[in-house]
Each structure stands twice: as C-alpha cells, then as structure tokens.
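Q: In terms of our numbering, the sequence shown opens at residue 23 and continues consecutively. Just so you know, even glycine gets a beta-carbon here, dropped at the ideal spot from N, CA and C. Handing you a structure now.
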Amino acid sequence: MTITVNGVTLFYEKSGTGKPIVLLHGNGENHTIFREFTAQLSKHYTVYALDSRCHGHSEKTKQLTYHLMAEDTRCLIEQLGLKKPIVYGYSDGGIIGLLLAIQYPDLLSRLIISGANLTPSGMGKRFVRHCKLVHFFTRSKLWRLMAYEPNIDVAELSQIKIPVLVLAGEHDLILEEHTRMIASHIPNSVLKILPGEDHGSYVVHSEKLYEVVRKFLPECGPRT
Numbered sequence: 023m024t025i026t027v028n029g030v031t032l033f034y035e036k037s038g039t040g041k042p043i044v045l046l047h048g049n050g051e052n053h054t055i056f057r058e059f060t061a062q063l064s065k066h067y068t069v070y071a072l073d074s075r076c077h078g079h080s081e082k083t084k085q086l087t088y089h090l091m092a093e094d095t096r097c098l099i100e101q102l103g104l105k106k107p108i109v110y111g112y113s114d115g116g117i118i119g120l121l122l123a124i125q126y127p128d129l130l131s132r133l134i135i136s137g138a139n140l141t142p143s144g145m146g147k148r149f150v151r152h153c154k155l156v157h158f159f160t161r162s163k164l165w166r167l168m169a170y171e172p173n174i175d176v177a178e179l180s181q182i183k184i185p186v187l188v189l190a191g192e193h194d195l196i197l198e199e200h201t202r203m204i205a206s207h208i209p210n211s212v213l214k215i216l217p218g219e220d221h222g223s224y225v226v227h228s229e230k231l232y233e234v235v236r237k238f239l240p241e242c243g244p245r246t
C-alpha cells in the first residue's frame, strides 16, 4: 500500500488484526527485514511495516533527516487514524521512535527501541570516522545521516511519558554505556542487554525478537 503524507509517498504493508503496532526499520533497509517478526505479531496486532523515505518502495527525496522521518511517521499514524499505536524501531527506526515520543507525548501508547543512539558518538569514534569518510566519497544521504545525526539532547528524554523498552545486543554497534545512558534518562523504561547478540542479529529476519518483546506488550494474548 502507499500513502502520501508530509509531502512524500510512503510504502507500507498492513497485516493482522487488533491494536496497531508500527514497525520502523534501520538505515539502508526496508520493511522486509521484519517478515518473521510481522508473522508472529499479526496473530495479535494490526501490523504496519513501513519503508521510510528514501528506502525500499517509498519515494526518494532530496532531503533526508531523522526529524523529517519522524514527521512522516506522525502524519501516517494520524492520517490512517491509528489510536495510540505501539511503535517498534530498530536502529534508525529507534531514533525516529524516540523523536516521536519526545515531540508528541500523546501520540503513542508504548515504544520499543533496538540499537538506537542520541548522537553519532554513541556508535564510537572509529565507526563515526568511517561514516564520514564514506559520505565524503559517495555523498550518500544515508551515510550522512549516520555521520552527522541525530542530535538529541539527553535532557529531552525526560519528556517521554509512555513505557519504553530499550534493547541492545551485548556486541552492539551502539556503545553499551550509551544505551544504558538512554534508558537511565527515560522515566518509564526497561533496559535489556541481550547476551551474545550484535546490532541486528536478533532483529533482522529473526524469530528471536518476538520472544524478547512479548512480555512488554500486556495486550498480547497467548501465543497461537
């Protein structure tokens, strides 16, 4: 399906019935990374798996920022009439989720983030240097995002009023101290560092993610 919001046409897939949950993928990916997760969630929820602007089947635009993608997502939620959806965001999707929860405190009911960061430094100096170098040679909007964004003030996290589950792998791209700092500044947060996992091993085409998050979702009935 496609929908035009905030001046951009976005592609999304809808499946299942029940309370709405919106899935937001990471940098350079698309909604298909959640195939396994969607199949499990759709037994209990109406799942909306998006392609962010400049990704997948969504429109390619000149401008690409986390704030634009957050605004795209807000407009989609409102235009589709989704009432207090849950948002799950992986990597860049987690950043978008944080921005939504900060800027629109009454929009969501719950937020789950995996491997999100507030600033590029959350990924470590070596990886940030790599991102800047690749961007210099390619001028890719996707690499520019990682090299220079986001820039979320940690104090803004105190504005989040909904329950938040903060996830990361033991061997995540995001520094563990950065993930712990995010969780410690969100009033209603639960932190899980997953042993043996890296940035995407439990997320991308994985059946592990559902078992990690299901207890955080009280609306979720018995697994069928």
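Ignore the nearest five residues each way along the sequence and tell me which others in G103's own chain have a CB closer than 7 Å to its CB.
A: For the purposes of this step, residue 103 is identified with residue 81 of the sequence shown, where counting begins at 1. Same-chain partners within the cutoff: there are none.
Q: Does A71 come out as helix, strand or coil in the three-state DSSP assignment?
A: Position 49 of the sequence shown, counted from the start, is the residue given in the question as residue 71. Residue state, collapsed to three classes: strand.
Q: Under the three-state reduction of DSSP, which class applies to Y112: helix, strand or coil?
A: For this step, residue 112 is matched to residue 90 along the sequence shown. Here Y112 sits in strand by DSSP.
Q: Figure out for me which residue from V225, G115, Q181 and P42 has the closest Cα to the Cα of E100.
A: Position 78 of the sequence shown, counting from 1, holds the residue named residue 100. The candidate whose alpha carbon is nearest that of E100 is P42.
Q: Please check the pair I204 and L140, which I expect to be a contact at CB under 8 Å, by giving their CB distance rounded to whole angstroms.
A: Here residue 204 refers to the residue found at position 182 of the sequence shown. Here residue 140 refers to the residue found at position 118 of the sequence shown. About 6 Å; that satisfies the 8 Å criterion.
Q: I'd like to confirm the pairing. Which residues does DSSP put opposite L216 in its beta bridges?
A: The residue you call residue 216 lines up with position 194 of the sequence shown. BP columns for L216 point to G191.
Q: In the DSSP output, what is L129 paired with across the bridge?
A: Within the sequence shown, numbered from 1, the residue matching residue 129 stands at position 107. Beta-bridge partners assigned by DSSP to L129: none are found.
Q: Can you list, in chain order, the residues of its chain with a C-beta nearer than 8 Å to that of M23? Leave out the 5 residues immediately preceding and following it.
A: Taking the first residue of the sequence shown as 1, we reach residue 23 at position 1. These residues qualify, in order along the chain: F33, Y34, E35 and K36.
Q: In the structure shown, what three-state DSSP assignment does K41 receive?
A: For this step, residue 41 is matched to residue 19 along the sequence shown. Three-state DSSP puts K41 in a strand.
Q: Within 10 angstroms of the Cβ of P217, are there 16 or more other Cβ atoms? Answer buried if so, exposed if not.
A: Here residue 217 refers to the residue found at position 195 of the sequence shown. Classification for P217: exposed.
Q: Decide if the region 153-162 is in contact with the region 119-132; the criterion is three or more beta carbon pairs, one per stretch, under 8 Å apart.
A: Flag = no, the region 153-162 and the region 119-132 do not touch.
Q: Buried or exposed for S143, please, with buried defined as at least 16 other CB atoms from any protein chain shown within 10 angstroms of its CB.
A: Residue numbering aside, residue 143 sits at position 121 when the sequence shown is read from its first letter. Exposed is the call here.
Q: Can you check whether the CB of S206 is closer than 8 Å to the CB of V186?
A: Taking the sequence shown and counting its residues from 1, one reaches residue 186 at position 164. Taking the sequence shown and counting its residues from 1, one reaches residue 206 at position 184. Taking C-beta atoms as the reference points, V186 and S206 fail to come closer than 8 Å.
Q: In or out: T95 buried (at least 16 other Cβ within 10 Å) or exposed?
A: As a position in the sequence shown, residue 95 is number 73, starting the count at 1. It counts as buried.
Q: Considering only their Cβ atoms, is the gap separating V234 from L189 smaller than 8 Å?
A: Position 167 of the sequence shown, counted from the start, is the residue given in the question as residue 189. Position 212 of the sequence shown, counted from the start, is the residue given in the question as residue 234. Cβ atoms of L189 and V234: closer than 8 Å.
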